[in-house]
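Peer 1: Taking this note's numbering, I'd label the letters of the sequence shown as residues 13 to 160.
Mind looking over this structure? Questions follow.
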Amino acid sequence: MGNTLTNENAKTRELGLLVLRIGVGVLFFVFGWLKLAGGEQLWQGVGSSMGVFGITAWPVFWGLLATIAEFLGGLLLAAGLFTRFAALTLAITMVVASAFKLSLGGGLADFSSPFTMLLVNIFFLLAGGGIYSVDHLLKLRKQSAAIA
13 MGNTLTNENA KTRELGLLVL RIGVGVLFFV FGWLKLAGGE QLWQGVGSSM
63 GVFGITAWPV FWGLLATIAE FLGGLLLAAG LFTRFAALTL AITMVVASAF
113 KLSLGGGLAD FSSPFTMLLV NIFFLLAGGG IYSVDHLLKL RKQSAAIA
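Set out below in structure tokens:
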């Protein structure tokens with residue numbers, strides 16, 4: 013058994029992927045839950061972020077959509093279920109959040125959090141949920157059913 017800091021094997025990579033996926037998923041789930049509980053006034057504020065793209069109609073709809081993306085997307089990401097779809101919806105949400113924060117002129121400190129989450133979700137969009145995910149279990153089940 014080697015040193016974990018220098019050991020390059022699939023198991024440690026997959027464990028790292030699991031920890032990151034669950035951690036980020038839980039964060040999105042919690043933030044989504046808080047926004048969901050915040051109600052229509054909060055959704056309107058979140059949805060007004062679309063104004064950075066010139067979209068000013070239906071801010072409550074856009075805010076609720078972003079809230080649902082965070083709530084359900086976070087839950088799916090944490091579970092590793094439909095990981096790539098969840099990551100795509102979260103990445104789109106973070107594009108809007110990043111653009112909005114950038115438009116405020118607050119600098120790197122304000123912009124870095126949503127942009128980092130955008131990058132993490134692009135990673136999951138490309139990499140998937142890993143072997144410790146519901147997606148992987150479903151894939152194995154499908155493969156074993158095809159063999160039988």
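The beta carbon of each residue, even a glycine, is placed where N, CA and C say it ideally should be.
Taking the alpha-carbon positions, what's the A109 to W55 distance?
Peer 2: The count along the sequence shown starts at 1 and reaches residue 109 at position 97. The count along the sequence shown starts at 1 and reaches residue 55 at position 43. One alpha carbon belongs to A109, the other to W55, and they sit about 13 angstroms apart.
Peer 1: If you reduce the DSSP assignment to three classes, tell me which class S60 lands in.
Peer 2: As a working mapping, residue 60 is identified with position 48 in the sequence shown. Reduced to three states, the DSSP call for S60 is helix.
Peer 1: With a 10 Å radius around its C-beta and 16 neighbouring C-beta atoms as the bar for buried, classify W70 as buried or exposed.
Peer 2: Stepping through the sequence shown from its first residue, residue 70 is reached at position 58. Exposed, because fewer than 16 other Cβ atoms sit within 10 Å of the Cβ of W70.
Peer 1: Helix, strand or coil, according to DSSP, for S115 in the structure here?
Peer 2: As a working mapping, residue 115 is identified with position 103 in the sequence shown. In this structure, S115 counts as helix in the three-state DSSP scheme.
Peer 1: Leaving aside the five residues before and after A99 along the sequence, list all residues of the same chain whose C-beta is less than 6 angstroms from its C-beta, in chain order.
Peer 2: Against the sequence shown, residue 99 aligns to sequence position 87. N133, F136 and L137.
Peer 1: Going by DSSP in three states, L89 sits in which element: helix, strand or coil?
Peer 2: Taking the sequence shown and counting its residues from 1, one reaches residue 89 at position 77. Three-state result, L89: helix.
Peer 1: Sort K154, L120, L76 and L102 by Cα distance to G86 and report the nearest one.
Peer 2: Against the sequence shown, residue 86 aligns to sequence position 74. When only C-alpha atoms are compared, the closest one is L102.
Peer 1: Using a threshold of 9 angstroms, state whether the C-beta atoms of G141 and L93 are closer than that.
Peer 2: Sequence index remark: in the sequence shown, residue 141 carries index 129 (1-based). Sequence index remark: in the sequence shown, residue 93 carries index 81 (1-based). Yes, the Cβ-Cβ distance between G141 and L93 is below 9 angstroms.
Peer 1: In chain order, what residues of the same chain have a beta carbon less than 6 angstroms from the beta carbon of L32, not counting five sequence neighbours either side?
Peer 2: Locating residue 32 in the sequence shown gives position 20, where the first residue counts as 1. Within the same chain, L32 has no close Cβ partners at all.
Peer 1: Is the Cβ-Cβ distance between S61 and A121 less than 9 angstroms?
Peer 2: Taking the sequence shown and counting its residues from 1, one reaches residue 61 at position 49. Taking the sequence shown and counting its residues from 1, one reaches residue 121 at position 109. Cβ atoms of S61 and A121: not closer than 9 angstroms.
Peer 1: Going by C-alpha distance, which of I104, L131, G28 and T128 is nearest L77?
Peer 2: Residue 77 sits at position 65 when you count from the first residue of the sequence shown. L77 has its Cα closest to that of I104, out of I104, L131, G28 and T128.
Peer 1: Beta-carbon within less than 7 angstroms of F123's beta-carbon, same chain only, minus the 5 sequence neighbours each way: which residues are those?
Peer 2: Numbered from its first residue, the sequence shown carries residue 123 at position 111. Once the five neighbours on either side are set aside, the close Cβ partners of F123 are S110, K113 and L114.
Peer 1: Quick check on this structure: which residue in E82, Q53 and I143 has the alpha carbon closest to the alpha carbon of A22?
Peer 2: Start at 1 with the first residue of the sequence shown, and residue 22 comes out as number 10. Taking only the C-alpha atoms, the option nearest A22 is I143.
Peer 1: Can you say whether L152 is buried or exposed, counting buried as having 16 or more other CB atoms within 10 angstroms of its CB?
Peer 2: Counting from 1 along the sequence shown, the entry for residue 152 is found at position 140. Exposed, by the Cβ-count rule.
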